[in-house]
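Everything on this sheet refers to the single structure shown next.
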Amino acid sequence: MQTKFNDKKKIRRFVLIVEDEFINREVLGNILKEEYNILYAVNGREGLEIIRENASMISVILLDIMMPEMNGFELMEILQADEKLKHIPIIVLTAEGDSEVKCLTLGAADFIKKPYGLPEVIRARVMRTIELSEDRNFIYSAERDELTNLYSQAFFYEYAEMMDKYNPELKTDAVILNVEHFHLVNEIHGRNFGDQVLQVIGDVIREFLSGKEGLACRSEADTFFIYLEHHENYEELVQMVNGALSELSKSLHLRLRIGVYAKVEREILMEQRFSDARFACNTLRGNYMRDIAYYDMALRDRSIFMERLIGDMHEALEQKQFCVYYQPKYNIAGEEPFICSAEALVRWKHPKLGMIKPEVFLPVFEENGLISYLDHYVWREVAEQLGKWKKESDITVPVSVNVSRIDLYDRDLDEFLNDLLEENGLTQEQLLLEITESAYTSDTDQITEAVETLRENGFRIEMDDFGSGYSTLNVLTTMPVDVLKLDISFIRHIHEDQKALRMVKLIMDMAEFLEVPVIAEGVEIAAQYDYLKQMGCEIIQGYYFSKPLPAEEFAELYLDGIEQE
Ligand code: C2E
Ligand code: MG
Ligand code: MG
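All residue numbers for the sequence shown refer to this note's numbering, where the first residue is 22 and numbers rise by one.
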C-alpha cells in the first residue's frame with residue numbers, strides 16, 4: 022500500500038468486485054482484467070471475508086448496494102469502523118442517484134453508474150481512485166511515527182504552524198514530555214516492552230488531546246512534543262500516563278518530566294518554543310519533588326546566559342581562560358597526614374563575567390558534548406604541569422583528572438592519554454582518572470569495556486561521587502574500579518546523623534572486603550575527620566585540609582609538607 026504510484030506500470034494491483042448479479046460481475050471484470058487482478062464476491066458477507074484475508078493487497082473495492090445476505094451499506098459500515106480496513110477506497114456501483122449522499126458519508130470514494138457506460142471511463146475512474154488513495158497513504162505513512170501513530174517531527178512543526186494560522190487569537194502551549202531513564206526500561210524489560218510503554222504514552226496523549234485543539238508527535242525515542250490550546254494544569258496528563266502505565270505493569274515505576282512553555286509568544290519560532298520547553302524540562306533532572314516545570318523569565322535569562330557560555334567556549338579554550346586548580350588529597354593513616362595526591366578541578370576566568378565555577382558551565386557542556394574539548398584541555402594542562410614539576414622540582418605527586426562519560430566513547434582515548442604522558446615524560450601512575458558513578462549506569466557494557474581497556478593500559482580508576490544515588494551497591498562487584506570516592510553528601514552529616522555514619526561504615530566495610538581503598542570527599546570539620554579516621558578511612562580530600570588551589574600555591578603547600586618531614 023505504501024508504494025508510490027509512479028511505478029504503476031510494474032505492479033498489477035488487485036481489484037475486488039462485490040456484486041450479486043453474474044452479468045454485471047462479468048462485464049466489469051472483463052473491462053478491468055487486462056490491467057488488474059480481479060477478485061470476485063457475490064454478496065457483502067463473502068466480500069468481507071475476502072477483504073479481511075487480503076486487506077493489504079486490495080487496491081480498490083467495487084461495491085454493489087443491493088445484495089442478499091449483507092448489502093453494500095452494511096459492508097461499508099463495517100469497513101468504516103475498522104482501523105485497518107477503512108483506508109481501502111470504495112467505488113459504489115449504483116443504479117439510483119439518491120443513495121449517493123449516504124454512500125459518501127460511509128466513505129465511498131466514487132460512483133460508477135449502472136448500466137455501465139464506456140469502458141475507458143470506468144478504467145479511468147478506477148485508476149484515479151487508486152492513485153488518490155495511494156498518494157494519501159504515502160503521505161500518511163511519512164507524516165506518522167510508526168510506533169505511536171502520532172505525527173513525525175517534520176510534519177508536526179508544519180501542522181503546528183498551520184494550527185497557529187487558522188487560530189490567530191488562540192493562546193497555545195508548547196509541551197515536552199520525557200521519560201526519565203527510559204533506556205533502563207529497554208535494558209531491563211527488553212525492547213518490545215519499551216515499545217509498549219511508548220505506545221501507551223502515545224495513546225494517553227491522544228486521549229488527553231481529544232476535544233482540545235492540538236496535536237502531538239514523538240521526537241526522539243522517549244520524548245513527546247505536544248502543541249495545544251492553553252491548558253492550566255498538566256498534572257492531569259501526568260496522572261493519566263501514570264495510571265495507564267501502572268495498568269501495563271505494576272512493577273514499573275517510571276518518572277515523567279514535563280516542560281511547558283505556556284502561552285507562547287507568536288514571534289518565537291516553533292522550533293525555539295520547543296527548545297524553551299525542553300530547557301524547562303531539563304531543569305527537572307534529578308529533581309524528584311516535581312514533575313512539571315514551566316519556562317519563565319528567570320529561565321529565559323538563564324538560557325540566554327547558557328547560550329553565551331557555549332558561544333564563548335572556543336575562544337576561552339584558545340585564550341586559556343580555563344585554569345586548573347589542585348585540591349590536595351591527604352593520607353591520614355599514619356601519625357602525620359601528608360599529601361599523597363591531588364585532584365585537578367577546572368575554573369573559568371571569564372574576562373567579562375569573572376570567575377565561574379564548574380557547576381555553572383559543566384552541565385551545559387555535558388549536554389551538548391562540548392565537555393570533551395574542555396576535558397582534553399584540562400588533561401593537557403595537568404600533564405604539562407606535572408612534567409614541569411617533575412623536571413624543575415621534586416614534585417612527583419600523582420594527580421587525578423575528571424573523565425566525562427562522553428570521553429569514554431572515544432576509541433582513541435588511551436592513545437590520547439598515552440601520548441600526553443609520553444610528551445611530558447610521565448607514567449600512567451601519575452595521572453589518575455576519576456569517573457563519576459553515574460557514567461557507569463547507562464550503556465553499561467560499553468562503558469565497562471572502555472574502563473577495562475584503560476586499566477589494562479596501566480591507568481588507575483577512581484569512581485567519583487560514589488553513593489550519589491544512581492547505582493546499586495551491586496555495581497561495585499561488577500565494575501572495574503581501583504578506588505572509591507565517597508560522595509560529599511555522605512560525609513556532610515556523619516558527625517550529626519547516626520544513619521549517615523552507619524552508612525559510611527557499611528560502605529567502608531564493603532570496600533575493605535573488596536580490597537578497594539576509599540577516599541572521603543568534602544571533609545570540612547574536625548568532627549568529620551575524626552569519625553573517618555576512626556573508621557579506618559585512609560585518604561581525605563576537603564576544605565578541612567585545603568580548598569582547591571592554583572598550581573603555584575599547591576606546589577608551595579606540597580613542598581612545605583615535605584620539608585617538615
Ligand atoms: P568532583 O569531581 O566530585 O569534585 C569535588 C568537588 O567538591 C569540587 O567542586 C571541590 O571544590 C568540592 N569540594 C572539595 N572539598 C570540599 C568541601 O570540603 N566542601 C565542599 N562543600 N566542597 C568541597 P568543584 O571544583 O566546584 O567541581 C565540581 C564538579 O565539577 C566536580 O566534582 C567534577 O564533577 C566537575 N569538574 C571539575 N573540574 C572538572 C574537569 O576538568 N572536567 C570534568 N569533566 N569535570 C570537572
Ligand atoms: Mg572528581
Ligand atoms: Mg567527587
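Just so you know, even glycine gets a beta-carbon here, dropped at the ideal spot from N, CA and C.
Computed from a predicted model, the values in this text were never measured in an experiment.
So, helix, strand or coil for residue i, using DSSP?
i      : result
Thr499 : helix
Asp194 : strand
Met484 : strand
Gly589 : In the structure as shown, the chain begins at 22 and stops at 586. Residue 589 is therefore absent and cannot be evaluated.
Cys558 : coil
Val39  : strand
Met376 : strand
Ile279 : strand
Asp131 : strand
Lys370 : strand
Asp581 : helix
Asn64  : coil
Ala521 : helix
Ile71  : helix
Ser510 : helix
Thr448 : coil
Pro358 : coil
Thr150 : helix
Ile427 : helix
Lys107 : coil
Met88  : coil
For the alpha helix (DSSP H) containing residue i, list its first residue and its last residue.
i      : result
Lys271 : Here Lys271 belongs to no alpha helix (DSSP H), and DSSP marks it neither H nor E.
Asp396 : Ile392 to Glu413
Phe229 : Arg212 to Leu230
Gly332 : Met318 to Glu339
Val418 : That residue, Val418, is in no alpha helix (DSSP H); it is neither H nor E in DSSP.
Quick one: does the C-beta of residue i sit closer than 8 angstroms to a heavy atom of ligand 2?
i      : result
Ser421 : yes
Asp508 : no
Asp485 : yes
Are residue i and residue j touching if we call contact CB-CB under 9 angstroms?
i      : j      : result
Val537 : Glu559 : no
Ala460 : Ser421 : no
Leu266 : Leu275 : yes
Asn199 : Cys302 : yes
Val418 : Cys361 : yes
Lys506 : Asp530 : no
Gly543 : Arg513 : yes
Phe300 : Arg323 : yes
His11  : Lys271 : Outside the shown range of the chain (22 to 586) lies residue 11, about which nothing can therefore be said.
Leu84  : Ile111 : yes
Tyr552 : Val525 : yes
Asp243 : His204 : yes
Ser240 : Gln293 : no
Output needed for residue i: all residues of its chain with C-beta closer than 7 angstroms, excluding positions within five of it in sequence on either side, in chain order.
i      : result
Tyr248 : Ala181, Met184, Thr193, Ala195, Gly235 and Leu236
Phe176 : Glu164
Check whether chain D comes within 9 angstroms of residue i, counting only Cβ atoms and requiring the distance to be less than that.
i     : result
Leu96 : The displayed structure is made up of one protein chain only, and chain D is not part of it.
Quick check: does the Cβ of residue i come within less than 8 angstroms of any heavy atom belonging to ligand 1?
i      : result
Ser362 : no
Thr457 : yes
Pro501 : no
Pro571 : no
Leu249 : no
Gln348 : yes
Pro243 : The amino acid at residue 243 is misidentified as Pro; the sequence shows Asp. Because no heavy atom of ligand 1 lies under 8 angstroms away, the Cβ of Asp243 does not count as near it: no.
Val345 : yes
Pro358 : no
Lys568 : yes
Asp551 : no
Gly211 : no
Ala365 : yes
Tyr565 : yes
Glu392 : Correcting the residue identity first, residue 392 is Ile in this sequence and not Glu. Yes; taking the cut-off as 8 angstroms, the Cβ of Ile392 has a heavy atom of ligand 1 nearer than that.
Give every residue of the same chain whose Cβ lies closer than 6 angstroms to the Cβ of residue i, excluding the five residues on either side of it in the sequence, and list them in chain order.
i      : result
Gln449 : Gly479 and Phe480
Asn58  : Arg33 and Phe35
Leu454 : Val424, Phe480 and Ile482
Phe26  : Any reading at Phe26 needs caution, since the residue's pLDDT is 40, under 50, leaving its predicted position unreliable; the model's value is listed next. Hits under 6 angstroms: Glu152 and Glu155.
Trp410 : Ile416
Arg66  : Glu90 and Met91
Can you list, in chain order, the residues of its chain whose CB lies under 8 angstroms from that of residue i, leaving out five sequence neighbours each side?
i      : result
Lys30  : Confidence at Lys30 is low in this model, with a pLDDT of 42, below 50, so the placement of that residue is unreliable and no value is reported for it.
Asp216 : Leu168
If I follow the unbroken beta strand (DSSP E) through residue i, where does it start and stop?
i      : result
Thr462 : Premise fails: Thr462 is in no beta strand (DSSP E) and is neither H nor E.
Tyr187 : Looking at the DSSP string, Tyr187 is not in any beta strand (DSSP E); the run it does join, the alpha helix (DSSP H), is Gln174 to Tyr187.
Glu250 : Thr244 to Glu250
Arg239 : Gly235 to Arg239
Ala314 : Ile313 to Tyr315
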